[in-house]
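Asker: Can you keep this structure in mind? I'll have questions shortly.
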Amino acid sequence: MSVRVLLPNAFQKHTNGAKEIQSTAANLPALIEDIETHFPALKTHLRDETGNVRRFINFYVNEEDIRFLGNEKYAFQDGDEVLVIPSIAGGSCGEDDTRLAQNVTSSRRPVLRCCSYCGQEECICY
Amino acid sequence: MASSYELCCRECGRKYANAPLSICDECFSPLEVQVDLEAAKKTVTRETIAQGPTNMWRYQALLPVSENYVPQTPAGWTPLLKAPRLAGRIGANNLYIKNDAVCLPTLSFKDRVVAVALAAAQDFGFDTVGCSSTGNLANAVAAQAARLGLKTYILVPADLEAAKILNTQVYGANLIRIDGNYDHVNRLCSQIADRFHWGFVNVNLRPYYAEGSKTVGYEIAEQLGWRLPDNVVVPMAGGSLITKIRKAFRELVVLGLVEDKPVRFFGAQATGCSPIAKAVKSGADHIEPQRPSTIARSLAIGNPADGVYAARAIRESGGWAEDVSDVEIVSAIQELAETEGIFTETAGGVTTAVTARLYAHGRIKPGELTVSCITGNGLKTTDVLQGAYEQGQAIRPRLTDFENYINEIKELNELVTGGVNVR
Chain F
808 MSVRVLLPNA
818 FQKHTNGAKE
828 IQSTAANLPA
838 LIEDIETHFP
848 ALKTHLRDET
858 GNVRRFINFY
868 VNEEDIRFLG
878 NEKYAFQDGD
888 EVLVIPSIAG
898 GSCGEDDTRL
908 AQNVTSSRRP
918 VLRCCSYCGQ
928 EECICY
Chain R
23 MASSYELCCR
33 ECGRKYANAP
43 LSICDECFSP
53 LEVQVDLEAA
63 KKTVTRETIA
73 QGPTNMWRYQ
83 ALLPVSENYV
93 PQTPAGWTPL
103 LKAPRLAGRI
113 GANNLYIKND
123 AVCLPTLSFK
133 DRVVAVALAA
143 AQDFGFDTVG
153 CSSTGNLANA
163 VAAQAARLGL
173 KTYILVPADL
183 EAAKILNTQV
193 YGANLIRIDG
203 NYDHVNRLCS
213 QIADRFHWGF
223 VNVNLRPYYA
233 EGSKTVGYEI
243 AEQLGWRLPD
253 NVVVPMAGGS
263 LITKIRKAFR
273 ELVVLGLVED
283 KPVRFFGAQA
293 TGCSPIAKAV
303 KSGADHIEPQ
313 RPSTIARSLA
323 IGNPADGVYA
333 ARAIRESGGW
343 AEDVSDVEIV
353 SAIQELAETE
363 GIFTETAGGV
373 TTAVTARLYA
383 HGRIKPGELT
393 VSCITGNGLK
403 TTDVLQGAYE
413 QGQAIRPRLT
423 DFENYINEIK
433 ELNELVTGGV
443 NVR
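Chains as they are written, first to last, in my numbering: chain F, 808 to 933; chain R, 23 to 445.
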């Protein structure tokens with residue numbers, strides 16, 4: 808059983824330019840670990856400080872959002888095409904959702920380092 | 023021009039030089055443009071703005087365009103109208119409509135974001151631009167790209183309203199209908215932008231594009247006599263507009279152009295596609311994607327790119343979000359047209375119906391200065407009113423026939439309403 812995993816350009820800095828891999832992972836958590844095994848440099852970027860996969864990373868299986876297919880319960884089928892797209896928001900890992908967590912110690916979100924409104928590290932608008 | 027501006031990751035704060043880039047390559051979160059407000063403070067005053075053109079480019083100093091950019095596409099500066107007759111219907115007495123149904127050149131607020139995005143596209147040297155769209159954006163990109171001589175590829179869901187398809191093709195754009203919903207189209211565009219060297223206004227140019235929405239907020243404040251309203255009601259598709267109006271208000275405060283005051287932000291969605299409203303109501307800090315099913319196709323984004331930020335902005339402001347049914351949407355389109363002479367598309371029906379509900383539920387008090395943002399024109403979604411009005415029988419061109427006709431309708435109206443004029 809093998810699935811084709813297409814990686815976005817944004818990952819390529821951490822994948823030596825690789826744009827896709829073949830994986831034999833059975834499900835999403837296993838696939839994420841497989842990606843991290845292929846590209847160790849990607850690991851710290853793929854997960855936040857709490858070990859959760861970052862909220863803006865989305866997974867699609869054959870054009871369908873994996874959250875509509877059962878998410879981590881979905882069993883990959885031979886020949887599935889898995890697409891990873893960052894920053895179409897939605898956030899599959901909510902604060903109460905630890906299904907993809909690894910060594911979770913806290914569900915607190917990382918602190919913003921710049922203000923979304925004024926853009927300053929030391930906020931000047933609040 | 024903006025005094026200076028750069029890209030900043032909305033989550034990890036990493037800064038980037040200006041480039042056609044929308045994703046942080048450290049944490050894969052969205053990037054946003056940050057204008058140097060300290061520098062802008064030295065040059066931007068109410069007077070310098072007033073001396074600018076009567077379009078959105080009067081705020082050019084606060085927009086991410088290059089120093090020598092000469093705007094070719096005057097959009098914005100749409101009317102802010104007091105809406106006493108609608109207010110009377112819904113229990114308000116200080117209600118305004120920001121009417122982007124008449125935003126030029128293509129009759130939606132998307133003309134604003136595209137004007138900025140295409141300025142960036144030219145700056146970055148793209149000769150081909152594109153977008154994924156629920157219709158209004160397609161119209162705006164096609165028209166403005168034609169004026170700038172750019173090649174255009176536009177991807178839309180196959181079931182889009184006929185008027186929005188025609189209003190894209192007429193400008194000579196390459197329109198590609200995709201067998202899927204907007205979220206499928208958007209995802210494909212992300213892949214295309216990775217593969218082709220094109221400027222996708224809402225993908226790799228998204229940080230610049232989104233800044234154009236700030237001009238709605240600047241205009242509201244200026245048209246109110248340089249003051250902020252108490253409440254703003256905003257339709258939500260991807261969720262960007264509501265966050266950018268808020269950003270615009272905060273920038274005006276920082277620049278000293280308006281007095282600081284709390285402004286509450288209210289989001290409006292159709293029940294058939296309400297992921298952001300659902301997050302606000304449940305208190306969730308994440309967005310659960312939905313499969314859209316609503317006549318408000320311009321708001322039918324099941325996985326909204328800025329949803330989490332929109333929900334956060336609403337909560338932080340003390341506002342709320344509501345969602346309304348398709349029946350309420352059509353009824354609200356009619357009500358806005360009948361009371362204020364504004365014919366809006368389905369998204370405006372959503373905003374109007376939600377505004378009415380917010381008053382009905384006491385979330386907005388009657389006397390509070392409230393602005394309801396109408397973002398698109400009803401001529402683009404006439405299909406939802408099919409069958410709503412009878413054609414009526416033609417009469418002969420004779421005065422007696424006309425008098426008989428008038429008497430017949432009077433009698434009919436009295437029969438139906440008991441003499442009371444209701445719709």
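Heads up, the beta-carbon is just placed ideally off N, CA and C, and yes, glycines get one too. Quick caveat: nothing in here was measured; it's all calculated off a predicted structure.
1) Tell me whether E425 of chain R is buried or exposed, calling it buried when 16 or more other Cβ atoms sit within 10 Å of its Cβ.
2) If we define contact as Cβ-Cβ less than 8 Å, is D216 of chain R a contact residue for chain F?
3) Tell whether a beta-carbon distance below 8 Å holds between D348 of chain R and Q291 of chain R.
4) Pick from R:W99, R:L321, R:T392 and R:K63: whose alpha carbon is nearest that of I298 of chain R?
5) Give the range of the alpha helix (DSSP H) segment to which D145 of chain R is assigned.
6) Could you check whether G398 of chain R and R332 of chain R sit closer than 8 Å to each other, using their CB atoms as the reference points?
7) If we define contact as Cβ-Cβ less than 8 Å, is P893 of chain F a contact residue for chain R?
8) Would you verify that the beta carbon of P42 of chain R is, or is not, closer than 8 Å to some beta carbon of chain F?
9) Within 10 Å of its beta-carbon, does L188 of chain R have 16 or more other beta-carbons around it, so buried, or fewer, so exposed?
10) How many angstroms separate the CA atom of Q213 of chain R from the CA atom of V889 of chain F?
11) Answer with yes or no whether the minimum CB distance from V444 of chain R to chain F is below 8 Å.
12) I'd like the span of the alpha helix (DSSP H) that includes I187 of chain R, first residue to last.
13) Only counting the same chain, and skipping five residues up and downstream in sequence, which positions put a Cβ closer than 8 Å to that of L102 of chain R?
14) Beta carbons nearer than 7 Å to chain R: which residues of the stretch 838 to 867 of chain F have them?
15) Check the Cβ-Cβ distances between A817 of chain F and every residue of chain R, and say whether any is below 8 Å.
16) Would you report the Cα separation of L853 of chain F and R861 of chain F, rounded to the nearest angstrom?
17) Can you give me the C-alpha to C-alpha distance between Y850 of chain F and L838 of chain F, rounded to a whole angstrom?
18) For L279 of chain R, which of R:C34, R:I71, R:D47 and R:Y38 has the nearest alpha-carbon?
19) Apply the 10 Å Cβ neighbour rule to S304 of chain R and answer buried if 16 or more other Cβ atoms are within range, or exposed otherwise.
20) Considering only residues of the same chain and omitting the five flanking positions on each side of A354 of chain R, which have a CB-CB separation below 6 Å?
21) Short of 7 Å in beta carbon distance, which residues of its chain neighbour R68 of chain R, apart from the five on each side in sequence? Order them along the chain.
22) Kindly indicate the opening and closing residues of the beta strand (DSSP E) around A290 of chain R.
23) Kindly confirm or deny that the stretch 28 to 36 of chain R and the stretch 201 to 220 of chain R touch, where touching means at least three C-beta pairs closer than 8 Å.
24) For the stretch 820 to 834 of chain F, which residues have a beta carbon sitting closer than 7 Å to at least one beta carbon of chain R?
25) Would you mind sorting N859 of chain F into buried or exposed? The rule is 16 or more other CB atoms within 10 Å of its CB.
26) I need the straight-line Cα distance from K186 of chain R to S155 of chain R, nearest angstrom please.
27) So for W79 of chain R, helix, strand or coil by DSSP?
28) According to DSSP, is L337 of chain R helix, strand or coil?
29) Of all Cβ atoms in chain R, is any one closer than 8 Å to the Cβ of D887 of chain F?
30) Quick one: what's G414 of chain R bridged to in DSSP?
31) Rounded to the nearest angstrom, what separates A184 of chain R and L813 of chain F at their Cα positions?
32) When DSSP labels each residue in this structure, what does Q884 of chain F get in the three-state scheme?
33) Give the DSSP bridge partners of P893 of chain F, in chain order.
34) At a CB distance below 9 Å, what residues from the stretch 303 to 325 of chain R approach chain F? Give them in sequence order.
35) Could you give the residue range of the beta strand (DSSP E) that holds G152 of chain R?
36) Following a CB-centred definition, is I864 of chain F positioned closer than 7 Å to any heavy atom of the ligand ADP?
Answerer: For this structure:
1) exposed
2) yes
3) no
4) The candidate whose alpha carbon is nearest that of I298 of chain R is R:L321.
5) K132 to D145
6) Checking the displayed sequence, the identity of residue 332 of chain R turns out to be Ala instead of Arg. Taking 8 Å as the Cβ cut-off, A332 of chain R and G398 of chain R do not qualify as a contacting pair.
7) yes
8) No Cβ of chain F is located within less than 8 Å of the beta carbon of P42 of chain R.
9) exposed
10) 13 Å
11) With a pLDDT of 48 at V444 of chain R, under the threshold of 50, the modelled position of that residue is not reliable, and the figure given next carries that caveat. Contact of V444 of chain R with chain F is not assigned, every C-beta pair being separated by 8 Å or more.
12) A184 to Q191
13) Y118, I119, K120, N121, E241, I242, Q245, L246 and V393
14) Of all residues in the stretch 838 to 867 of chain F, H852, R861, R862, F863, I864 and Y867 have a Cβ within less than 7 Å of some Cβ in chain R.
15) yes
16) 6 Å
17) Checking the displayed sequence, the identity of residue 850 of chain F turns out to be Lys instead of Tyr. Their Cα atoms are separated by approximately 13 Å.
18) Scanning R:C34, R:I71, R:D47 and R:Y38 for the CA closest to the CA of L279 of chain R turns up R:I71.
19) With fewer than 16 other Cβ atoms within 10 Å, it is exposed.
20) G371, T374 and A375
21) W248 and L279
22) R286 to A292
23) no
24) K820
25) N859 of chain F should be labelled buried.
26) Here the C-alpha atom of K186 of chain R lies approximately 10 Å from the C-alpha atom of S155 of chain R.
27) helix
28) Going by the sequence as given, residue 337 of chain R is Arg instead of Leu. It is helical.
29) no
30) Looking at the DSSP assignment, G414 of chain R forms no beta bridge with any residue, so it has no partner.
31) A184 of chain R and L813 of chain F have their C-alpha atoms roughly 34 Å apart.
32) coil
33) F:I864
34) A306, D307, H308, I309, E310, P311, R313, G324 and N325
35) Unbroken beta strand (DSSP E) run through G152 of chain R: T150 to S154.
36) The ligand ADP is not part of this structure, which contains no ligands at all.
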